[in-house]
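Below is one structure, written out as structure tokens, with a few remarks after it.
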Amino acid sequence: MKPTFASHLDAFGQWRLETDARLAALARFAREHDLLDDGSAEWFEAMRRRLSGEKLMVAFVAEFSRGKSELINAIFFSDKGRRMMPASAGRTTMCPVELGYDAEDPVGLSLLPIETRLEATSLAEYRVQPQAWTWHVLDLANPDEMAKALAEVMRTRMVSPEEATALGFWDAERPADNPPLSADGQVEVPVWRHARINLPHPLLKRGLVVLDTPGLNAIGTEPELTLGLLPQAHATVFILGADTGVTKSDLDIWRDHLSGPALARYVVLNKIDTLADPLSTPEQVQQVITRQCASVAQTLEIPTENVFPISARQALAARLTGDAQGLVQSRLESFEHALSEGLLPRRRDNLAQASWSGAQQFQQQLTRRFGEMRRLHADQLHELRGLRGKSSGKVQLMIQRVQAEAAEFEQCTARLHAMRSIHARMLRSMLHDLSSERLRQEVDVLQQVLGGSWLPLGARKAFVDLCARLRELIEQAQQRNDEIHAMLVASFSRLNAEFGFSLVADVPLDVRKYTDDLNLIERNYVQYLGLSQAFRLAQPGFQEQFRRMLISRLRVVFETISNDIELWNKTASAQVDSQLRERRRNFKRRYESLDRIQSASNELDTRLQEVQAQDERVLQLQTRLQTLMDQLGEMADPSAQADVAQVPQPSAAAIEALSLDLNLGQVSDVPAAGETA
Ligand SMILES: Nc1nc2c(ncn2[C@@H]2O[C@H](COP(=O)(O)OP(=O)(O)OP(=O)(O)O)[C@@H](O)[C@H]2O)c(=O)[nH]1
Ligand SMILES: [Mg+2]
Numbered sequence: 050m051k052p053t054f055a056s057h058l059d060a061f062g063q064w065r066l067e068t069d070a071r072l073a074a075l076a077r078f079a080r081e082h083d084l085l086d087d088g089s090a091e092w093f094e095a096m097r098r099r100l101s102g103e104k105l106m107v108a109f110v111a112e113f114s115r116g117k118s119e120l121i122n123a124i125f126f127s128d129k130g131r132r133m134m135p136a137s138a139g140r141t142t143m144c145p146v147e148l149g150y151d152a153e154d155p156v157g158l159s160l161l162p163i164e165t166r167l168e169a170t171s172l173a174e175y176r177v178q179p180q181a182w183t184w185h186v187l188d189l190a191n192p193d194e195m196a197k198a199l200a201e202v203m204r205t206r207m208v209s210p211e212e213a214t215a216l217g218f219w220d221a222e223r224p225a226d227n228p229p230l231s232a233d234g235q236v237e238v239p240v241w242r243h244a245r246i247n248l249p250h251p252l253l254k255r256g257l258v259v260l261d262t263p264g265l266n267a268i269g270t271e272p273e274l275t276l277g278l279l280p281q282a283h284a285t286v287f288i289l290g291a292d293t294g295v296t297k298s299d300l301d302i303w304r305d306h307l308s309g310p311a312l313a314r315y316v317v318l319n320k321i322d323t324l325a326d327p328l329s330t331p332e333q334v335q336q337v338i339t340r341q342c343a344s345v346a347q348t349l350e351i352p353t354e355n356v357f358p359i360s361a362r363q364a365l366a367a368r369l370t371g372d373a374q375g376l377v378q379s380r381l382e383s384f385e386h387a388l389s390e391g392l393l394p395r396r397r398d399n400l401a402q403a404s405w406s407g408a409q410q411f412q413q414q415l416t417r418r419f420g421e422m423r424r425l426h427a428d429q430l431h432e433l434r435g436l437r438g439k440s441s442g443k444v445q446l447m448i449q450r451v452q453a454e455a456a457e458f459e460q461c462t463a464r465l466h467a468m469r470s471i472h473a474r475m476l477r478s479m480l481h482d483l484s485s486e487r488l489r490q491e492v493d494v495l496q497q498v499l500g501g502s503w504l505p506l507g508a509r510k511a512f513v514d515l516c517a518r519l520r521e522l523i524e525q526a527q528q529r530n531d532e533i534h535a536m537l538v539a540s541f542s543r544l545n546a547e548f549g550f551s552l553v554a555d556v557p558l559d560v561r562k563y564t565d566d567l568n569l570i571e572r573n574y575v576q577y578l579g580l581s582q583a584f585r586l587a588q589p590g591f592q593e594q595f596r597r598m599l600i601s602r603l604r605v606v607f608e609t610i611s612n613d614i615e616l617w618n619k620t621a622s623a624q625v626d627s628q629l630r631e632r633r634r635n636f637k638r639r640y641e642s643l644d645r646i647q648s649a650s651n652e653l654d655t656r657l658q659e660v661q662a663q664d665e666r667v668l669q670l671q672t673r674l675q676t677l678m679d680q681l682g683e684m685a686d687p688s689a690q691a692d693v694a695q696v697p698q699p700s701a702a703a704i705e706a707l708s709l710d711l712n713l714g715q716v717s718d719v720p721a722a723g724e725t726a
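Counting from 1 along the sequence shown, just add 49 to a position and that's the residue number in the numbering used here.
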């Protein structure tokens, strides 16, 4: 039997492949007909990378021994015929374990030694330093050997309290939270800081990343996990034991790490099999489970239907032995269903929205370009028809006129040059204020304000101030891009009026929306600057790690903004280039055809036919473009998702442009495939 989550993810993966194929067809069509400018090519590439490569991270979080690893085994690895991730009584998983698949990396297990915590280098920075990791090959054909290798994540060693303090596992000031000392005064610490498993498992190949965590106790938790990985997970699954209910340490974990704004949170009440009681009827046991779920919901302040009672162990055993009855009893499938339903449609909607709106913009751009080509064809036909029965002297005059028009048109180059340099200057200064250098400066201000001592209240205020300054940077970028937009609207309308261009400035770009991402980071980090976390701020290396992680997360937001801005501006200038090219080509063709007509009397009809044929081709391209868009729309148009059979309508702008062309009733010239200016 195919696990529920797996089949949902399969369907989503299939959709991504199919949408990607249709986008690829659209890009290929444009490239083959020399209709793909740099900006659009970049957009297609980035969108296709997102479709094929975007990851979906699900993190499992809980106190130790609640059954995180067992649940991961049951949901994701029951096809391996045995328990893959080590799950046993007592502390088992000692370091965060990330399961995923990256085709560019070799298959295997990489482990980062715990001693790396003595350096300020963050996990994100270690990710790109393969030499820092210890490497184990995983033999896919041999699940027993694989499970043996994965047992590495359990390894620990004994160190002195001093060393444990340096590594962040011991705090003399918080004795209650410290791990027990051994008889000879030693502390048990993990051997590894982080583990990554790169595995071509079908689910992982579909972009799923699973994060298994060690029990998140107060001391020893990897800051990167709580500040970097968990906030970025698309869903977190919080696990409680039905045998223990919500304990104080469960509640601490929930409050400290999960009350933040993760996209989706699921609460699992695991081990319901332990509630079975030979002295009670099944109905009575059921009542106990229902009562437990209600009490968990009340304690965590969430709706009861968000608590899923399951038995991970029973589910794993049932799947390994093909026991359908046992699987039903484990109740795993209703949880898997909720997980898929809550996670996948949203991811799909986001991708669909991005693909469709980008493609529509591209279609509008091409439609405008087709309109421009047809307008030039119409002019040319008009000119040629006017030559019927005219003397060669008249043709000579026409040639002179074309030459004069071309020379006059060339005067636009100085204007274009001026516009371009103003544009480039505005863009440069705007991008400078979004650069990672600028970010680092802002974060350094935080460091300076605080000096070496990070007292919780001071740190919190300085951090909130930093976020306010960064929001200001985003606001500034928005205003500056609006200025560029206004400048382009004005320049385009002058160029259109004076030189017969048909330039249109696209809708203004919205970067203000990225303030939401910044707010999310702020809310998340502020949690770690509260009074209850004061001891963490004092831990060795924490501040430096905090700073580095903060910069790396902020950088993602600011890079996205810069990329959006660059792409928008590139697209705006690309149409100037393509129209300039089109117009020059058109002058050249007019000149050449007049020249030929002058030398041979039968040339006129041939030329008329040629131009008409070129215009026919533009019409064909237009039809082909619409067909490709219809095909993409079947997959990606969010408004058509409810009814897949519904065919997307061409946009209003496209219809307008089309009817404008039809009114002109004539023709144009399209470059042949591969032809460039
Ligand atoms: N009875 C019962 N035992 C379970 C269930 N799920 C897990 N267990 C057992 O509970 C123990 C702990 O499970 P793990 O999966 O190792 O727990 P964990 O949350 O990963 O714990 P750490 O790795 O130490 O953080 C193991 O012996 C599991 O077999 C369940 O549904 N019922
Ligand atoms: Mg575990």
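We treat Cβ as the ideally placed atom computed from N, Cα and C, and that holds for glycine.
Any heavy atom of ligand 2 closer than 7 Å to the Cβ of Thr296?
-> Position 247 of the sequence shown, counted from the first residue, corresponds to residue 296. Checking every heavy atom of ligand 2 against the Cβ of Thr296, none is found closer than 7 Å.
Apart from the five residues just before and just after Arg437, which ones in its own chain have a Cβ nearer than 6 Å to its Cβ?
-> Residue 437 sits at position 388 when you count from the first residue of the sequence shown. Counting only Cβ-Cβ distances below 6 Å, and skipping sequence neighbours, we find nothing.
Within its chain, find whatever has a CB closer than 8 Å to the CB of Thr672; leave out the 5 residues flanking it on each side and keep chain order.
-> Here residue 672 refers to the residue found at position 623 when the sequence shown is read from its first residue. Spatial neighbours of Thr672 in its own chain (CB-CB distance under 8 Å, excluding positions within 5 residues in sequence) are not present.
Does any heavy atom of ligand 1 sit closer than 7 Å to the C-beta of Ser114?
-> Counting from 1 along the sequence shown, the entry for residue 114 is found at position 65. Taking non-hydrogen atoms of ligand 1 into account, the C-beta of Ser114 is found less than 7 Å away from one of them.
If you pair each beta-carbon of the stretch 590 to 600 with each one of the stretch 537 to 556, do three or more pairs fall below 8 Å?
-> With the cut-off at 8 Å, the stretch 590 to 600 and the stretch 537 to 556 do not touch.
Could you tell me if Gly234 is buried or exposed, where buried requires 16 or more neighbouring beta carbons within 10 angstroms of its beta carbon?
-> Along the sequence shown, one-based indexing puts residue 234 at 185. By the 10 Å Cβ count, Gly234 comes out exposed.
In angstroms with no decimal places, state the Cα-to-Cα distance between Val719 and Leu681.
-> Working through the sequence shown from its first residue, we reach residue 719 at position 670. Working through the sequence shown from its first residue, we reach residue 681 at position 632. Confidence at Val719 is low in this model, with a pLDDT of 36, below 50, so the placement of that residue is unreliable and no value is reported for it.
Residues near Val492 in its chain [Cβ-Cβ closer than 8 Å; skip 5 each side] | Locating residue 492 in the sequence shown gives position 443, where the first residue counts as 1. If we look at Val492 and ignore the five residues flanking it on each side, its Cβ neighbours are Leu515, Arg596, Leu599, Ile600, Leu603.
CB of Ala136 to nearest heavy atom of ligand 2: below 7 Å?
-> What you label residue 136 is simply residue 87 of the sequence shown in a count that begins at 1. Ala136: yes, Cβ under 7 Å from ligand 2.
Are the beta-carbon atoms of Leu365 and Arg132 separated by less than 8 Å?
-> For this step, residue 365 is matched to residue 316 along the sequence shown. For this step, residue 132 is matched to residue 83 along the sequence shown. Cβ atoms of Leu365 and Arg132: closer than 8 Å.
Can you name the start and end residues of the alpha helix (DSSP H) that Arg597 belongs to?
-> Taking the sequence shown and counting its residues from 1, the one referred to as residue 597 is at position 548. From DSSP, the alpha helix (DSSP H) with Arg597 extends over 591 to 648.
Buried or exposed by the 16-neighbour rule on C-beta atoms within 10 Å, applied to Asp154 | Taking the sequence shown and counting its residues from 1, one reaches residue 154 at position 105. So Asp154 ends up on the exposed side.
Check the DSSP bridge columns for Trp219 and list the partner residues they point to.
-> Position 170 of the sequence shown holds residue 219. When beta bridges are read from the DSSP output, Trp219 appears opposite no residue.
Going by C-alpha distance, which of Thr416, Val606, Ala55 is nearest Leu84?
-> Translated into positions along the sequence shown, residue 84 becomes position 35. Across the set Thr416, Val606, Ala55, the C-alpha of Thr416 shows the shortest separation from the C-alpha of Leu84.
Grab me the residues of Val538's own chain with a C-beta within less than 6 Å of its C-beta, minus the 5 sequence neighbours each way, in chain order.
-> Here residue 538 corresponds to residue number 489 of the sequence shown, with the count starting at 1. The residues are Ala554.
Exposed unless 16 or more other CB atoms sit within 10 angstroms - verdict on Trp184 | As a first step, residue 184 must be located in the sequence shown, where it is residue number 135. Trp184 comes out exposed.
Which residues in the same chain as Leu393 place their Cβ atom closer than 6 Å to its Cβ, once the five residues preceding and following it in sequence are excluded?
-> Taking the first residue of the sequence shown as 1, we reach residue 393 at position 344. Correct list, in chain order: His57, Phe61.
May I have the straight-line CA-CA distance separating Ala73 from Ser404, to the nearest angstrom?
-> Counted from its first residue, the sequence shown places residue 73 at position 24. Counted from its first residue, the sequence shown places residue 404 at position 355. Whole-angstrom Cα-Cα distance: 11 Å.
Every unbroken beta strand (DSSP E) within the stretch 153 to 236, with a cutoff of 3 residues, ordered by chain | With a minimum length of 3 residues, the continuous beta strand (DSSP E) runs that stay inside the stretch 153 to 236 are 157 to 162, 183 to 186, 205 to 208.
Gln695: buried (16+ other C-beta within 10 angstroms of its C-beta) or exposed?
-> Residue numbering aside, residue 695 sits at position 646 when the sequence shown is read from its first letter. Any reading at Gln695 must be qualified, since the residue scores a pLDDT of 35, below 50, and its modelled position is unreliable; the value itself is stated next. Exposed is the call here.
Touching or not, the stretch 234 to 249 and the stretch 205 to 224, by the rule of three or more beta carbon pairs under 8 Å?
-> For the pair of segments examined, the stretch 234 to 249 was found to touch the stretch 205 to 224: the number of CB pairs separated by less than 8 Å reaches three.
How long is the line joining the alpha carbons of Gly149 and Arg80, rounded to whole angstroms?
-> Here the question's residue 149 lines up with position 100 in the sequence shown. Here the question's residue 80 lines up with position 31 in the sequence shown. Across the structure, Gly149 and Arg80 are spaced so that their CA atoms are roughly 34 Å apart.
Using a Cβ-Cβ distance under 8 Å, would Ala387 count as near chain D?
-> Going by chain labels, chain D is absent from the structure shown, which holds only one protein chain.
Touching by the beta-carbon criterion (3+ pairs, under 8 Å), the stretch 377 to 391 and the stretch 628 to 648 | Counting Cβ pairs under 8 Å, fewer than three are found: no touch.
Ligand 2 heavy atom lying under 7 Å from the CB of Asp299 | As a working mapping, residue 299 is identified with position 250 in the sequence shown. Not under cutoff, so the answer is no.
Alpha carbon to alpha carbon, how far is Val606 from Arg362?
-> Counting from one through the sequence shown, the residue named residue 606 turns up at place 557. Counting from one through the sequence shown, the residue named residue 362 turns up at place 313. When rounded, the distance between both Cα atoms is 40 Å.
Tell me, please, whether the stretch 192 to 205 touches the stretch 240 to 248 by the rule of three or more beta-carbon pairs shorter than 8 Å.
-> They touch, by the three-pair rule.
Where does Thr360 land, buried or exposed, given buried means 16+ other C-beta within 10 angstroms?
-> One-based indexing of the sequence shown puts residue 360 at position 311. Per the sequence presented here, residue 360 reads as Ser, with Thr not at that position. Within a 10 Å sphere around the beta-carbon of Ser360 sit 16 or more other beta-carbons, which makes this residue buried.
Starting from Ala108, follow the beta strand (DSSP E) in both directions and report where the run begins and ends.
-> Taking the sequence shown and counting its residues from 1, one reaches residue 108 at position 59. Per DSSP, the unbroken beta strand (DSSP E) holding Ala108 starts and ends at 105 to 110.
Which partner residues of Ala361 appear in the DSSP bridge assignment?
-> On the sequence shown, residue 361 is found 312 positions in, with the first residue counted as 1. Beta-bridge pairing links Ala361 to no other residue.
Would DSSP call Phe541 helix, strand or coil?
-> To locate residue 541, count along the sequence shown from 1; it is residue 492. Reduced to three states, the DSSP call for Phe541 is helix.
Is it true that the CB of Val560 sits closer than 8 Å to the CB of Ala526?
-> To locate residue 526, count along the sequence shown from 1; it is residue 477. To locate residue 560, count along the sequence shown from 1; it is residue 511. Against a cut-off of 8 Å, the Cβ pair of Val560 and Ala526 comes out as a contact.
For Val177, is the classification buried or exposed, using 16 other Cβ atoms within 10 angstroms of its Cβ as the cut-off for buried?
-> Taking the sequence shown and counting its residues from 1, one reaches residue 177 at position 128. Exposed, since its Cβ has fewer than 16 Cβ neighbours within 10 Å.
Looking at Thr348 and Leu278, is the spacing between their C-beta atoms short of 8 Å?
-> The count along the sequence shown starts at 1 and reaches residue 278 at position 229. The count along the sequence shown starts at 1 and reaches residue 348 at position 299. Remark: C-beta atoms of Leu278 and Thr348 do not approach each other more closely than 8 Å.
Considering only residues of the same chain and omitting the five flanking positions on each side of Gly102, which have a CB-CB separation below 6 Å?
-> On the sequence shown, residue 102 is found 53 positions in, with the first residue counted as 1. Answer for Gly102: no residue qualifies.
Where Thr53 and Pro358 are concerned, what is the direct C-alpha to C-alpha distance, given to the nearest angstrom?
-> Within the sequence shown, residue 53 is the residue found at index 4, counting from 1. Within the sequence shown, residue 358 is the residue found at index 309, counting from 1. Between the alpha carbons of Thr53 and Pro358 lies a distance of about 17 Å.
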